[in-house]
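The structure appears below as structure tokens.
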Amino acid sequence: MASSRTWRYRVFPSFHGPDIRKTFLTHLRKQFNSNGITMFDDQGIERSKFIASELIRAIIESRISIVILSKNYGSSSWCLNELVEILECKNIVMPIFFQVVHPISCAGKTKEEEQRWSQALTDVANIAGLHLLNWENEADMIEKIAKDISDKLNATPSRDFDGMVGLEVHIRELSSLLNLDCDQVMMVGICGPAGIGKTTIARALERRLSSNFQRSCFMENIRGSLNLGFDEYGLKLHLQERLLSKILNQKSMGVYHLGAIKDWLYDQKTTWFGSESRIIVTTEDKELLEQHGINNIYHVDFPSRDKALTIFCRYAFRQNSPPDGLIELAESVTELCGNLPLGLRIIGSSLRGKNKEEWETGVLRVGYDSSHEKEQTLFLHIAVFFNYKDPHLVMAMLADSNLDGSRIVSGISFDISRIGELSLSERAFKRMRHLQFLSVFKLGYDGKDRVHLPENMEFPPRLRLLQWKGYPRRSLCPTFHLEYLVELDMERSLLEKLWEGTQPLTNLKKMSLLCSWYLKEFPDLSNATKLERLNLSACENLVELPSSFGNLHKLKKR
Numbered sequence: 001m002a003s004s005r006t007w008r009y010r011v012f013p014s015f016h017g018p019d020i021r022k023t024f025l026t027h028l029r030k031q032f033n034s035n036g037i038t039m040f041d042d043q044g045i046e047r048s049k050f051i052a053s054e055l056i057r058a059i060i061e062s063r064i065s066i067v068i069l070s071k072n073y074g075s076s077s078w079c080l081n082e083l084v085e086i087l088e089c090k091n092i093v094m095p096i097f098f099q100v101v102h103p104i105s106c107a108g109k110t111k112e113e114e115q116r117w118s119q120a121l122t123d124v125a126n127i128a129g130l131h132l133l134n135w136e137n138e139a140d141m142i143e144k145i146a147k148d149i150s151d152k153l154n155a156t157p158s159r160d161f162d163g164m165v166g167l168e169v170h171i172r173e174l175s176s177l178l179n180l181d182c183d184q185v186m187m188v189g190i191c192g193p194a195g196i197g198k199t200t201i202a203r204a205l206e207r208r209l210s211s212n213f214q215r216s217c218f219m220e221n222i223r224g225s226l227n228l229g230f231d232e233y234g235l236k237l238h239l240q241e242r243l244l245s246k247i248l249n250q251k252s253m254g255v256y257h258l259g260a261i262k263d264w265l266y267d268q269k270t271t272w273f274g275s276e277s278r279i280i281v282t283t284e285d286k287e288l289l290e291q292h293g294i295n296n297i298y299h300v301d302f303p304s305r306d307k308a309l310t311i312f313c314r315y316a317f318r319q320n321s322p323p324d325g326l327i328e329l330a331e332s333v334t335e336l337c338g339n340l341p342l343g344l345r346i347i348g349s350s351l352r353g354k355n356k357e358e359w360e361t362g363v364l365r366v367g368y369d370s371s372h373e374k375e376q377t378l379f380l381h382i383a384v385f386f387n388y389k390d391p392h393l394v395m396a397m398l399a400d401s402n403l404d405g406s407r408i409v410s411g412i413s414f415d416i417s418r419i420g421e422l423s424l425s426e427r428a429f430k431r432m433r434h435l436q437f438l439s440v441f442k443l444g445y446d447g448k449d450r451v452h453l454p455e456n457m458e459f460p461p462r463l464r465l466l467q468w469k470g471y472p473r474r475s476l477c478p479t480f481h482l483e484y485l486v487e488l489d490m491e492r493s494l495l496e497k498l499w500e501g502t503q504p505l506t507n508l509k510k511m512s513l514l515c516s517w518y519l520k521e522f523p524d525l526s527n528a529t530k531l532e533r534l535n536l537s538a539c540e541n542l543v544e545l546p547s548s549f550g551n552l553h554k555l556k557k558r
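For the record, in the sequence shown the residue sitting at position 542 is 542 according to the numbering used here, with numbers rising by one throughout.
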């Protein structure tokens, strides 16, 4: 069966060299290279009356054969033998009639040869192809050839995403939002938490729909470009270079101004942005999409309990349901993963092939030992700092946190209920510039202050989590850095106020000052536009809230 072959080349060209090698063929090869279509190159193979074994192998290992019938094609025994091999191979054949003389005559040494060649020419003439006489110029004809080849190559549907639970529903909903029949520009956003499958869905959609467009590309890890040291202008130039290089299939494109894409793609369907273009953007931040005028938004929800179990079983057992004896364990693991597809895939893969005893002696232990070092580091941080926390909050906390297994201290969890007294100096955290998670707590509450802090205590500059139960001072340090903070938990603190003025709180999602009885004034939260949860229960001395509360549109729980 042709579908079971391994294709070494996408296209094999059969042609008469003296007729077209230095003219038509060079233009065709250049267009194919631009479209990312690999074509066999016969340079270096010695020509004779008999077709070389290298050519026979190339024909067999090519997905499509193009037969370019030129003026002297029929006079070459080499070309005619090549044509016979192509037709016997039963690959896809596309004839191109280029300045051909009708009828094509062939003369062999024997009648048997003449019959074989004549039959081959008759057979290829009966295949629908392209005739140069029907085109005003070669350039348009070559562009059409490349388009037809691309369509034929994409005719076999990709199986890369076979078995992805719920994919067809996502594709159907997104295809409706894209409205492919509309000739206007359409921009669609795919929104949802990290690990939910946004990138996978977008990649599958691009693979499915790319044949409808003259050019297409998939750009991933845009966020990673932020860490390359560019300023805002340089970053935009860099991203345009990446986009152009992918669309035009060039290794590197020089972009020297921000209007380059419009100049390069002026006559393409992908013009920045021309009619019929479709742009798909994935992000965790729905507000970001709305700020850029993208109102057609598809939200990827967590899979149902049944679908989550199916996802887990696909990776753990290579089947849709758990085998007898492991049903309860499989359901427990699915629940522990919070129905997050990425977690289900990682844990499921790590448990594949394990016996029942290994499952029963510790699902988490097996999952941890089978994980890569980075995954183990992530597991430890979740276990120590984020156990039982909301998954959305944890994802925001760990996004771009650059955790590793190095000796750099990234988090401290400190139970002060087991110590007598502890006095910290102003510079206690001076050398912990990479500290991101700080949790100070005590099991039970006895009202005793066990930790003494100086007035100008310096906290690490990149804290994402600050959890200090029973914080012993009346305010936070004036130099406290807040721009990275995702959660601030100061329950049962002695705080009277937090900080002065308006602070950069663009990442803050959760804030709790439960039972902070001494709190008298609350800070301006104008920049805390992502704040979702705020707990001020039992803050008995807090009698007024700032007007900035009216800007907290994402606040769900107070």
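Backbone N, C-alpha and C define an ideal beta-carbon position, used for all residues, glycine too.
These numbers come from a predicted model, not from an experiment.
Return the first residue and the last residue of the alpha helix (DSSP H) that residue i is part of.
i       : result
Trp-468 : No alpha helix (DSSP H) holds Trp-468; the beta strand (DSSP E) holding it covers 465-468.
Thr-26  : 24-34
Gly-189 : Counting along the chain, Gly-189 falls outside any alpha helix (DSSP H), though it belongs to the beta strand (DSSP E) covering 186-191.
Asn-81  : 77-89
Arg-560 : Outside the shown range of the chain, which is 1 to 558, sits residue 560, and nothing can be said about it.
Ile-20  : 17-20
Thr-479 : Looking at the DSSP string, Thr-479 is not in any alpha helix (DSSP H), and its letter there is neither H nor E.
Ile-68  : It is not in any alpha helix (DSSP H) - Ile-68 instead sits in the beta strand (DSSP E) that spans 62-69.
Met-395 : 391-398
Val-255 : Note, Val-255: premise wrong, no alpha helix (DSSP H); not H, not E.
Ser-175 : 167-178
For the beta strand (DSSP E) that contains residue i, what are its first and last residues?
i       : result
Ile-382 : Looking at the DSSP string, Ile-382 is not in any beta strand (DSSP E); the run it does join, the alpha helix (DSSP H), is 373-385.
Pro-303 : It is not in any beta strand (DSSP E) - Pro-303 carries neither H nor E in the DSSP assignment.
Glu-487 : 487-489
Ile-280 : 278-283
Asn-333 : One point to set straight first is that residue 333 is Val, not Asn, in the sequence displayed. Run containing Val-333: none in the beta strand (DSSP E); it sits in the alpha helix (DSSP H), 327-336.
Could you tell me the alpha carbon to alpha carbon distance between residue i and residue j, rounded to whole angstroms?
i       : j       : result
Leu-403 : Gly-36  : 37 Å
Lys-49  : Asp-41  : In this predicted model, Lys-49 has a pLDDT of only 47, less than 50, meaning its place in the structure is not dependable enough to derive any value.
Met-143 : Leu-130 : Checking the sequence, you will find Glu at residue 143 rather than Met. Looking at the two C-alpha atoms, the distance is approximately 12 Å.
Gly-166 : Gly-470 : 47 Å
His-16  : Lys-152 : 24 Å
Thr-614 : Leu-243 : Absent from the model: residue 614. The displayed extent of the chain is 1 to 558, so no value can be given.
Ala-383 : Asp-390 : 13 Å
Cys-561 : Glu-85  : With the chain covering only 1 through 558, there is no way to say anything about residue 561.
Gln-240 : Ile-247 : 10 Å
Pro-546 : Val-409 : 37 Å
Glu-88  : Phe-12  : 14 Å
Trp-135 : Phe-98  : 11 Å
Arg-474 : Lys-307 : 50 Å
Asn-81  : Ser-118 : 11 Å
What is the DSSP secondary structure of residue i, reduced to helix, strand or coil?
i       : result
Asp-42  : coil
Pro-341 : helix
Arg-452 : According to the sequence displayed, residue 452 carries His and not Arg. Looking at His-452 - three-state DSSP - the assignment turns out to be strand.
Asp-231 : coil
Phe-12  : strand
Pro-472 : coil
Met-94  : strand
Ser-4   : At Ser-4 the pLDDT is 46, less than 50, meaning the model places this residue with poor confidence; the figure from the coordinates comes in the next sentence. Reduced to three states, the DSSP call for Ser-4 is helix.
Ile-408 : coil
Phe-213 : coil
Leu-438 : strand
His-292 : coil
Phe-429 : coil
Phe-317 : coil
Tyr-298 : strand
Leu-422 : strand
Ser-547 : helix
Arg-161 : Before going further, note that residue 161 is Phe rather than Arg in the sequence given. Coil.
Phe-312 : helix
Ser-413 : strand
His-553 : coil
Ile-59  : helix
Any heavy atom of the ligand FMN inside 8 Å of the beta-carbon of residue i?
i       : result
Leu-495 : Of ligands this structure carries none, so the ligand FMN is not represented either.
Discussion item. Contact between the segment 192-205 and the segment 299-318 is defined here as three or more beta-carbon pairs at a separation below 8 Å; is this criterion met?
Written reply: yes
Worksheet item: In the segment 496-541, which residue ranges form an unbroken alpha helix (DSSP H) of at least 4 residues, counting only runs that do not cross its ends?
Response: none
Worksheet entry | Three or more C-beta pairs below 8 Å linking the segment 346-355 and the segment 304-324 | yes
Worksheet item: If we count Cβ pairs, one from each stretch, closer than 8 Å, do we get three or more for the segment 406-424 versus the segment 523-537?
Response: no
Worksheet item: Taking three-plus beta-carbon pairs below 8 Å as touching, is the segment 533-553 in contact with the segment 510-519?
Response: yes
Worksheet item: Between the segment 199-211 and the segment 229-242, do at least 3 Cβ pairs fall closer than 8 Å?
Response: no
Item to complete: Could you tell me which uninterrupted alpha helix (DSSP H) segments, each at least 4 residues in length, are contained entirely in the segment 103-151, listed from first to last along the chain?
Response: 111-125
Worksheet item: Contact between the segment 56-68 and the segment 173-182: three or more CB pairs below 8 Å?
Response: no
Worksheet item: When the Cβ atoms of the segment 415-429 are set against those of the segment 446-466, are three or more pairs found closer than 8 Å?
Response: yes
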